[in-house]
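Encoded as structure tokens, the structure appears first; notes follow it.
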Amino acid sequence: MTGILGIYLFDERWNAGSFGAYGLMALQHRGQETVGLELFGKNRRKIAGEGLVDDVLNKLDAEGHICLGAVSPYPVEVKEDIPPFMLSEKVSVAIDGRVTSIENYTWDNSLRYEENLRKAFERFSKGGSDIDILKEFFYSCRGGFAYIAVNDKNEMVAGRGSLGVKPLALGKFGFEGGIIASETCVMDVVGERVPISPAENVEPGWAMVFTSFSAKWVKSSNSCKRAYCSFEYVYLARPDSYVNDIPIYRVRRSIGRKLAEESRVDADVVIGVPETAIPFAMAYSNETGIPIEKGFELTGRRVRSALRPDQLERLKGVQLKLNVISDAVRGKRVILIDDSVVRGNTLANIVYLMKEKGAKEIHVRIGSPHIISHCPFGVEVPPEDELIGRHLSEEKIAEVVGADSFKYLSLNGLVEAIGLKEEELCLGCFNCVYPEV
Amino acid sequence: MKVLLVGGGGREHAIAKAFYRSSYEPRLFCVSELVNPGINRIVKETGGEYYVGNPNDPETVFQAALKAGVDFVFVGPEEPNFRGIPDELEKGDIPCIGANKDVAEIEMSKASMRDLQWKYMIPGRLWYKKFRTFEEAVPYVEEYAESVALKPARQVGGKGVKVIEDFQVYLRDDKKKVKKQHIESIYKDYMKGYEDMDFKILIEERVWGPEYTLQCFTDGRTVVPMPAVQDNKHAFDGDLGPETGGMGSIACGMNLKWGVDDDRAILTEEEIKKSTEIVRMMVEAIQKETGRKYHGFVAGQMMLTSVWGPTIIEMYSRLGDPEALNVLAVLKTDLVEICESIISEKLNSIKVEFEERATVVKAVSPEGYPLSRDLAKGHPVVVDEQEGVFWASAHLKEDGVIETGGSRLIECLGIADTIPEASLIAERLTSKARLADGWGLFHRSDIGSEKSLERRMMLANMAREIYKYRERKGILGKRIIWVPGKGLEEVG
Numbered sequence: 001m002t003g004i005l006g007i008y009l010f011d012e013r014w015n016a017g018s019f020g021a022y023g024l025m026a027l028q029h030r031g032q033e034t035v036g037l038e039l040f041g042k043n044r045r046k047i048a049g050e051g052l053v054d055d056v057l058n059k060l061d062a063e064g065h066i067c068l069g070a071v072s073p074y075p076v077e078v079k080e081d082i083p084p085f086m087l088s089e090k091v092s093v094a095i096d097g098r099v100t101s102i103e104n105y106t107w108d109n110s111l112r113y114e115e116n117l118r119k120a121f122e123r124f125s126k127g128g129s130d131i132d133i134l135k136e137f138f139y140s141c142r143g144g145f146a147y148i149a150v151n152d153k154n155e156m157v158a159g160r161g162s163l164g165v166k167p168l169a170l171g172k173f174g175f176e177g178g179i180i181a182s183e184t185c186v187m188d189v190v191g192e193r194v195p196i197s198p199a200e201n202v203e204p205g206w207a208m209v210f211t212s213f214s215a216k217w218v219k220s221s222n223s224c225k226r227a228y229c230s231f232e233y234v235y236l237a238r239p240d241s242y243v244n245d246i247p248i249y250r251v252r253r254s255i256g257r258k259l260a261e262e263s264r265v266d267a268d269v270v271i272g273v274p275e276t277a278i279p280f281a282m283a284y285s286n287e288t289g290i291p292i293e294k295g296f297e298l299t300g301r302r303v304r305s306a307l308r309p310d311q312l313e314r315l316k317g318v319q320l321k322l323n324v325i326s327d328a329v330r331g332k333r334v335i336l337i338d339d340s341v342v343r344g345n346t347l348a349n350i351v352y353l354m355k356e357k358g359a360k361e362i363h364v365r366i367g368s369p370h371i372i373s374h375c376p377f378g379v380e381v382p383p384e385d386e387l388i389g390r391h392l393s394e395e396k397i398a399e400v401v402g403a404d405s406f407k408y409l410s411l412n413g414l415v416e417a418i419g420l421k422e423e424e425l426c427l428g429c430f431n432c433v434y435p436e437v
Numbered sequence: 438m439k440v441l442l443v444g445g446g447g448r449e450h451a452i453a454k455a456f457y458r459s460s461y462e463p464r465l466f467c468v469s470e471l472v473n474p475g476i477n478r479i480v481k482e483t484g485g486e487y488y489v490g491n492p493n494d495p496e497t498v499f500q501a502a503l504k505a506g507v508d509f510v511f512v513g514p515e516e517p518n519f520r521g522i523p524d525e526l527e528k529g530d531i532p533c534i535g536a537n538k539d540v541a542e543i544e545m546s547k548a549s550m551r552d553l554q555w556k557y558m559i560p561g562r563l564w565y566k567k568f569r570t571f572e573e574a575v576p577y578v579e580e581y582a583e584s585v586a587l588k589p590a591r592q593v594g595g596k597g598v599k600v601i602e603d604f605q606v607y608l609r610d611d612k613k614k615v616k617k618q619h620i621e622s623i624y625k626d627y628m629k630g631y632e633d634m635d636f637k638i639l640i641e642e643r644v645w646g647p648e649y650t651l652q653c654f655t656d657g658r659t660v661v662p663m664p665a666v667q668d669n670k671h672a673f674d675g676d677l678g679p680e681t682g683g684m685g686s687i688a689c690g691m692n693l694k695w696g697v698d699d700d701r702a703i704l705t706e707e708e709i710k711k712s713t714e715i716v717r718m719m720v721e722a723i724q725k726e727t728g729r730k731y732h733g734f735v736a737g738q739m740m741l742t743s744v745w746g747p748t749i750i751e752m753y754s755r756l757g758d759p760e761a762l763n764v765l766a767v768l769k770t771d772l773v774e775i776c777e778s779i780i781s782e783k784l785n786s787i788k789v790e791f792e793e794r795a796t797v798v799k800a801v802s803p804e805g806y807p808l809s810r811d812l813a814k815g816h817p818v819v820v821d822e823q824e825g826v827f828w829a830s831a832h833l834k835e836d837g838v839i840e841t842g843g844s845r846l847i848e849c850l851g852i853a854d855t856i857p858e859a860s861l862i863a864e865r866l867t868s869k870a871r872l873a874d875g876w877g878l879f880h881r882s883d884i885g886s887e888k889s890l891e892r893r894m895m896l897a898n899m900a901r902e903i904y905k906y907r908e909r910k911g912i913l914g915k916r917i918i919w920v921p922g923k924g925l926e927e928v929g
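Chains A and B supply the protein sequences, listed in that same order.
The first sequence begins at 1 in this note's numbering and counts up one residue at a time.
The second sequence begins at 438 in this note's numbering and counts up one residue at a time.
Okay, here's the thing in structure tokens:
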């Protein structure tokens, strides 16, 4: 997953730079390895680097009334691949998710992903860069993705693949222009403050095309097969965002309620693992009447530990992030709620710390089903032999992590909490069933 | 009976149609710069004449009225009012439906309008500042970071307004820069050539809420409201893009109901009453101020805000375009009768009635409108004319070819029991026009859709909840600010 955004302001006197930078900050949770922001106006300039938005974009000296940006969780081999990257000499693109195949193009496995896209686009466009060509090119792409592209005529197209795996929303900026971004929280941070839902969902298979004198919706596909990523609701998206018009916060609370229904246990206190699992824990507590407590305090910068690429970094993140507040747990029976379990070692670390601080019992509840398989659309899931949920039962996991009991949310429970039909969701990482692309 | 119509846009085509329906069967004459193909047909059918000329020039209009020997003149747009056309006609004893120069000040000078509203303490008054020069306004913009509407102090064809929401401190510098650039262009570009006013720049507080236009007939004694209409100012679907003269409008009943037999509405009846009272007070105030009678149309371009409830954004001294289409389509009373009762100041003696139907108007414009009108101009037009299609900015040349005028080309009217149904009818009509040279046309497909109506109602409810709270607390319209080190400041 990647956080992408495009800002299109009609009046050329605007500089979209700071809007882009703060907008990317609102998407930082979607990727913390690289940052890229390209500005289009009289000239065209890209600022990109490794690190967080704060570090990479702290001195922004580029100008332009249009911008295209991305934050990504993937380390890059070559700096030019930091998204948004050049699709051709004339076109830049930011993609969230994965294009898995392209009509009339044979994937060349000796090339990097970006190089394959470039090669395919070169064949498709024959050197052209018209906005219609660009739009048609993405129609011919298959997979689970959302994209935003800008050409050399300062025109922008932004759309979602027909499966709708990855989210995308359109926000407005008064009479001045539009904002397209992975999540609606961007509109709250840099858009116009309108007291109703600040953004409109971009429907799967649709794209928005901006030119200097038009902004219009175009439909690329009549396919009604959907595969909305369920992991967006569990973990990826920010709780103040809407994904497919569904408020993430509402889903996270429903998950907490479902956990209380499915695997209730008598205890003295409910504690959520920050940040994602806090709304789960709040709803679990409301539902059961067991009081909720703040169990952890953070040291240093807030980073998303599960996204760190190597094991040591992840543990470092967890230990700094999660210092247990002893008085919240000492002598108590604790229901500890987390969003997901991948390898189980960070969870084991937390349970260990909590027992060390005097927790009498620890009952772990997980706000998602077991992760047993990979994601073909870019969410980084480790190799299958590393996934604890694929190999061990709930009882065994409890023993491994040192908890008194351990329960996942059921697959049905998750589907019901999201509120969409099961056939509209991609639950591949939980059940190995993937949409046909 | 003979009537001279001044102006040649979509609004005037709708007015011409309303006269065409009249049982008095008036012969219709028209004076405008471009030959509107729709008005031209009605003029020809009723045995009138089309004078091509400057509708803003008093002498041209006066001579046309004399030549035609009309019973009265009907002014469509605002600029002829500002230029004193009704005054000139009055001098020559030709009755006129149109605000005279002095009372039309409530539209022409947005600054005087606010002065008047504050002087007479009329509700729904926004906080504002006016400036004579760019240099005078700069220190103000430098010092205060506020969400504002930056406006030319004069009505300049609906252009030049920029609304900048300035809440996020981290984006303040960029916004300040654009604010300054924009007031500079208000001073140097938009107000260029308008020497009829001292004040050039107006800065008003920015407010949010659903907008609506409350158009009224007035003879100076009585103010008779028409159904409230909601215009859509953004150029593109989903309320996106630059401000236009209006890309379409909706109405149903007096208070913007969802449908004829439906309880859902954007406004309450009480809010309509309050809005009408505000417009009536404005008419009274301007007459008192100028000592002159207001004969014609007056409209509050209003917003239901959280600060005030019904609030004046701007005033019109004429019917709105395209809002005129919505109200004239459901006007049951004979327009000639209304005009005569305005002229004789007996508007209170007749009953003005409207049919309760939902109306939706969608404008179709050539690409380039509104920011690059030169690109939008001069394209040959092919239209499959049908009931409900109104000609707007189009010119019928002598060789019979119709060309785009650079603004909205046609306006399509749908009438039904509910707004979403009327929207579908209007939507079908938008496909009746194309440009023979292949240049693109655009319109908004979302106007009057269920989704857009729902959003407007939601917005109205949110504004209503806050202004009702203010009403209960007795602080409606008041801004109470604690200035650290200085104390309590109260505005409003």
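Where is the CB? At the ideal position from N, CA and C, for every residue including glycine.
Through-space distance from residue 125 of chain A to residue 224 of chain A, alpha-carbon basis: 28 Å
Mind listing, in chain order, the continuous alpha helix (DSSP H) runs of no fewer than 4 residues lying wholly within the segment 262 to 309 of chain A? 278 to 288
Would you kindly report the start and end of the unbroken beta strand (DSSP E) that includes residue 439 of chain A? Nothing about residue 439 of chain A can be reported from this structure: the residues present for chain A run from 1 to 437 only.
Quick check: the segment 262 to 276 of chain A against the segment 357 to 367 of chain A, are at least 3 beta-carbon pairs closer than 8 Å? yes
Three-state secondary structure assigned by DSSP to residue 559 of chain B: coil
Quick one: which residues of the segment 661 to 693 of chain B get their C-beta closer than 7 Å to a C-beta of chain A? List them in chain order. 671, 673, 674, 675, 676, 677, 678, 679, 680
Would you kindly work out how many angstroms separate the C-alpha atoms of residue 263 of chain A and residue 418 of chain A, rounded to a whole number? 18 Å
Is it buried or exposed, residue 432 of chain A, if we count other Cβ atoms within 10 angstroms and call 16 or more buried? With fewer than 16 other Cβ atoms within 10 Å, it is exposed.
Using a beta-carbon distance cut-off of less than 7 Å, what residues from the segment 13 to 36 of chain A approach chain B? 13, 14, 15, 18, 19, 22
3 or more residues per run - each beta strand (DSSP E) lying fully within the segment 537 to 581 of chain B: 565 to 568
Using three-state DSSP, classify residue 428 of chain A as helix, strand or coil. helix
Residues of the segment 788 to 814 of chain B in Cβ contact with chain A at a cutoff of 7 Å, in chain order, please. 804, 805, 808, 809
Grab me the residues of residue 721 of chain B's own chain with a C-beta within less than 7 Å of its C-beta, minus the 5 sequence neighbours each way, in chain order. Excluding sequence positions up to five before and after residue 721 of chain B, its CB lies less than 7 Å from no other CB in the same chain.
Coil, strand or helix - residue 747 of chain B by DSSP: strand
Shortest alpha-carbon distance to residue 607 of chain B belongs to which of A:425, A:23, A:355? A:23
In terms of residue numbering, what span does the alpha helix (DSSP H) encompassing residue 317 of chain A cover? 311 to 321
Which first and last residues belong to the alpha helix (DSSP H) in which residue 927 of chain B is found? From DSSP, residue 927 of chain B is part of no alpha helix (DSSP H) but of the beta strand (DSSP E) over 924 to 928.
According to DSSP, is residue 403 of chain A part of a helix, a strand, or is it coil? Of the three classes helix, strand and coil, the one that applies to residue 403 of chain A here is coil, per DSSP.
Which chain A residues sit within Cβ distance under 8 Å of residue 879 of chain B? 214, 216
How close, in whole Å, do the beta carbons of residue 546 of chain B and residue 591 of chain B come, if the pair is a contact with beta carbons under 8 Å? 6 Å
Please determine if the segment 701 to 716 of chain B and the segment 644 to 655 of chain B are in contact, where contact requires at least 3 C-beta pairs separated by less than 8 Å. These segments touch.
Which residue spans inside the segment 644 to 728 of chain B form an unbroken beta strand (DSSP E) run of at least 3? 648 to 655, 660 to 662, 671 to 673, 677 to 680, 685 to 689
Taking 7 Å as the CB-CB cut-off, is residue 377 of chain A touching chain B? no
Within this structure, are the beta carbons of residue 873 of chain B and residue 847 of chain B separated by less than 7 Å? no
Helix or strand or just coil, what does DSSP make of residue 607 of chain B? helix
Residue 6 of chain A CB to nearest chain B CB: under 7 Å? no
Proximal residues of chain A, C-beta to C-beta of residue 604 of chain B below 8 Å: 193
Chain A contacts from the segment 606 to 628 of chain B (Cβ-Cβ distance under 8 Å): 607, 608, 610, 611, 614, 615, 618, 619
Residue 600 of chain B: contacting residues in chain A (beta-carbon distance under 8 Å): 174, 175
Say whether chain B places a C-beta atom closer than 7 Å to the C-beta of residue 40 of chain A. For residue 40 of chain A, not one C-beta of chain B is nearer than 7 Å to its own C-beta.
Nearest-angstrom Cα distance between residue 399 of chain A and residue 414 of chain A? Distance between the alpha carbons of residue 399 of chain A and residue 414 of chain A: 25 Å.
For the beta strand (DSSP E) that residue 210 of chain A lies in, which residues bound it at each end? 206 to 211
For residue 434 of chain A, the three-state DSSP class (helix, strand or coil): coil
DSSP bridge partner residues for residue 50 of chain A (one or two, in chain order): A:34
Alpha-carbon spacing of residue 209 of chain A relative to residue 795 of chain B, whole angstroms: Distance between the alpha carbons of residue 209 of chain A and residue 795 of chain B: 32 Å.
Do three or more CB pairs link the segment 740 to 755 of chain B to the segment 700 to 715 of chain B at distances below 8 Å? yes
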